[in-house]
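Trainee: This is the structure I have questions about; it appears just below.
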Amino acid sequence: MNTETRSVDYKVGTLQIDMFDGKDGKLVWRGSTERILNDNAGNPAEREQAIRTTVAKILEQYPPR
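Just so we're aligned, residue 218 is where the sequence shown starts under this note's numbering, counting upward by one.
Below, the structure written as structure tokens:
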């Protein structure tokens, strides 16, 4: 019997948005996403656009259905 082990390292980025009730401070909604990050993160404008796009995708899930 031949067994082989393989290891792969990668970085994962997570963006989480929490919404709280303004009166009692309780969490009312949480949206999040994860993705594998590559070594080429782009320039600052590209990173900002990627964040804006990701936030918009998360907020598409609000309000919960």
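We put the beta carbon where it would ideally sit given N, CA and C, even for glycine. None of the values given here were measured: they were computed from a predicted structure.
Put residue 251 into one of helix, strand or coil per three-state DSSP.
Mentor: It is a strand residue.
Trainee: May I have the straight-line CA-CA distance separating residue 258 from residue 269, to the nearest angstrom?
Mentor: 15 Å
Trainee: Whose C-beta lies closer than 6 Å to the C-beta of residue 247 among residues of the same chain, with five residues either side of it excluded?
Mentor: Answer for residue 247: 235, listed in chain order.
Trainee: According to DSSP, residue 234 sits in a beta bridge with which residue or residues?
Mentor: 248
Trainee: Which of the three DSSP states, helix, strand or coil, is assigned to residue 272?
Mentor: helix
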